[in-house]
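Q: Would you mind keeping the following structure in view while I ask a few things?
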Amino acid sequence: MTPVHPAPEPDDRHGLFQDALADWTNDDVLQTKEARTALGAKHPAGLRVLDWPELRALFAKYDPPATRHGRRDRRFGLVSVGLATLGLVLALLAPLAIGAERYMEMVAAALTLAGLGLMAFHEFGARVKARWLGQRFGAERVRGLYFQAVANNLNLVARAMANDAALGEWKVVRGRLLSYLPKPEDLPGQVPKLAEPPSDDETWVLPAWSKPPPAPEPSPEMDLLLSLLRGQRLDGQVDYVQRKLSASLGAPGRRAAVVRGLGKALLAAAAMTAVIAGVLLATGKTVADTDVQLALAVTIGAIVATLALRVVNDDRLLAGDAGRYAAYFAAVSAARTRFDRGDLAEKLAALREMEMVAYRDLRAFVAARWRVR
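Start counting the sequence shown at -19; every next residue gets the next number (this note's numbering).
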């Protein structure tokens, strides 16, 4: 069966300056009309049981604000670092601006104070970050409920593909499950606890699901259902994480590498100009001389820029993200391999493994960003 959300081919590359997730949609939970139309055209029995309008509506309340606030948080941090860095560099170069020293010093002071003020607000704005992380956790918890509900009711869902009475029962079952999701207003206050290491039992929205359900019963409907779940959950996550690990500058791995490279280049420039300043002083020049001041200004400016880059990297948060995504990719790929090679019982086990992997990754995401606030 063709998966609903196929993984990209190995040569499906994203450009260096292209956002790898620019065209990403939440088709794994059939959030878009296009995804529902495509599934309905090819597998109407699948759409009949996998489309969950109430959950889609709930997901729409969480995901767009979480994405918007996350982007705003990153831009806010970058702007604050940029202002402070520009102010410090102008302050260092002010002595060289003969006739305009006073003006440059005033501008430099204003930029530095503005940047530091924004940094302080960003650093201590725990409530803002807690709201964002709470929204992101809530969105992913809704996504998790979608797949956990199906995986823990496979036999019922498979019967519902061709039986109206079973379909009615499935709709009643899933309707009750929404009440087990955390309340949106409670999530920001739970973020500090969510930043702690989770247990496997915490994976399941419904605590009773920590115990595996009965093995799937063989049937053509079950084969179709499992094929669709492979595409939606396993292939969909492989596609997502491959984009995150792409060569695009929008991917954390490449951005982390660029930050490290620029940092090393700036440190090398600082060392070279420091040596030049030392040579000039050794030949009889003084700190009052323009060429010595310029060399020292470049040295200090390069060091300041290096420190700023480290702040932009959020104390190696980007590099940590790259490592986390690589580990997530390996875990999801292992679950997909287990699914492909196993019998019905193993396929169920692989789907449950995928839910535990996804939840641990979600908690690691929350923890990483809460620690660097």
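For each residue, glycine too, the CB sits at the ideal point set by N, CA and C.
Do V171 and L38 come within 8 Å of each other at the CB atom, strictly closer than that value?
A: The residue labelled residue 38 in the question sits at position 58 within the sequence shown. The residue labelled residue 171 in the question sits at position 191 within the sequence shown. No, these two residues do not count as a Cβ contact at 8 Å.
Q: Is D(-8) helix, strand or coil by DSSP?
A: Along the sequence shown, one-based indexing puts residue -8 at 12. Note that D(-8) has pLDDT 45, beneath the 50 cutoff, so the model's placement of it is unreliable and the number below is only indicative. Three-state result, D(-8): coil.
Q: If I measure Cβ to Cβ from A348 and keep anything under 8 Å in the same chain, skipping five residues before and after, which residues do I get?
A: Here residue 348 corresponds to residue number 368 of the sequence shown, with the count starting at 1. Cβ within range, chain order: L297, G300, D301 and R304.
Q: Is the beta carbon of A119 closer than 8 Å to that of D8?
A: Counting from one through the sequence shown, the residue named residue 8 turns up at place 28. Counting from one through the sequence shown, the residue named residue 119 turns up at place 139. No, they are not a contact pair.
Q: If I measure Cβ to Cβ from A325 and keep anything under 7 Å in the same chain, skipping five residues before and after, which residues do I get?
A: Translated into positions along the sequence shown, residue 325 becomes position 345. Here the set comprises A195.
Q: Can you check whether the CB of G114 is closer than 8 Å to the CB of P168?
A: Within the sequence shown, numbered from 1, the residue matching residue 168 stands at position 188. Within the sequence shown, numbered from 1, the residue matching residue 114 stands at position 134. Taking 8 Å as the Cβ cut-off, P168 and G114 qualify as a contacting pair.
Q: Which residues bound the alpha helix (DSSP H) around K265?
A: In the sequence shown, counting from the first residue as 1, residue 265 sits at position 285. Careful: K265 lies outside any alpha helix (DSSP H) and carries neither H nor E.
Q: Under the three-state reduction of DSSP, which class applies to N132: helix, strand or coil?
A: Within the sequence shown, numbered from 1, the residue matching residue 132 stands at position 152. Coil at N132, not helix or strand.
Q: Do you know whose CA, among D323, L328, A329 and M334, lies nearest S313's CA?
A: Within the sequence shown, the letter at position 333 stands for residue 313. Closest by alpha carbon: M334.
Q: Taking the alpha carbon of A188 as the reference point, which residue from T266, A129 and L208 has its own alpha carbon closest?
A: Position 208 of the sequence shown holds residue 188. Considering only alpha carbons, the answer is A129.
Q: Are L246 and T286 close, meaning C-beta to C-beta below 8 Å?
A: What you label residue 246 is simply residue 266 of the sequence shown in a count that begins at 1. What you label residue 286 is simply residue 306 of the sequence shown in a count that begins at 1. Closer than 8 Å, so yes.
Q: Less than 8 Å between C-beta atoms, sequence neighbours within five positions excluded: which residues of the same chain meet that for R107?
A: For the purposes of this step, residue 107 is taken as residue 127 along the sequence shown, with counting starting at 1. For R107, where only same-chain residues beyond five positions count, the Cβ hits under 8 Å are P168.
Q: Can you give me the Cβ contacts of L158 inside the same chain, cut-off strictly under 8 Å, excluding the 5 residues immediately before and after it?
A: Numbered from 1 along the sequence shown, position 178 holds the residue referred to as residue 158. Excluding positions up to five away in sequence, the list reads E34, L35, L38 and L125.
Q: Rounding to the nearest angstrom, what Cα-Cα distance links G216 and G241 in this structure?
A: Reading the sequence shown from its first residue, position 236 is the one you call residue 216. Reading the sequence shown from its first residue, position 261 is the one you call residue 241. Each residue's Cα considered, the two are about 32 Å apart.
Q: Below 8 Å between beta carbons: does that hold for T279 and A250?
A: Translated into the one-based positions of the sequence shown, residue 279 becomes position 299. Translated into the one-based positions of the sequence shown, residue 250 becomes position 270. The answer is yes: Cβ separation under 8 Å.
Q: Between A90, G322, Y83 and D271, which has its C-alpha nearest R210's C-alpha?
A: Taking the sequence shown and counting its residues from 1, the one referred to as residue 210 is at position 230. Looking at the Cα atoms, G322 is the closest of the given residues.
Q: Kindly indicate which three-state DSSP category G322 falls into: helix, strand or coil?
A: By one-based count along the sequence shown, residue 322 stands at place 342. Coil.
Q: Could you give the first and the last residue of the continuous alpha helix (DSSP H) run that contains R156?
A: Reading the sequence shown from its first residue, position 176 is the one you call residue 156. From DSSP, the alpha helix (DSSP H) with R156 extends over D144 to L157.
Q: With distance defined between alpha-carbon atoms, name the residue in R139, A254, V218 and Y160 nearest to L205.
A: Counted from its first residue, the sequence shown places residue 205 at position 225. Measuring from the Cα of L205, the nearest candidate turns out to be R139.
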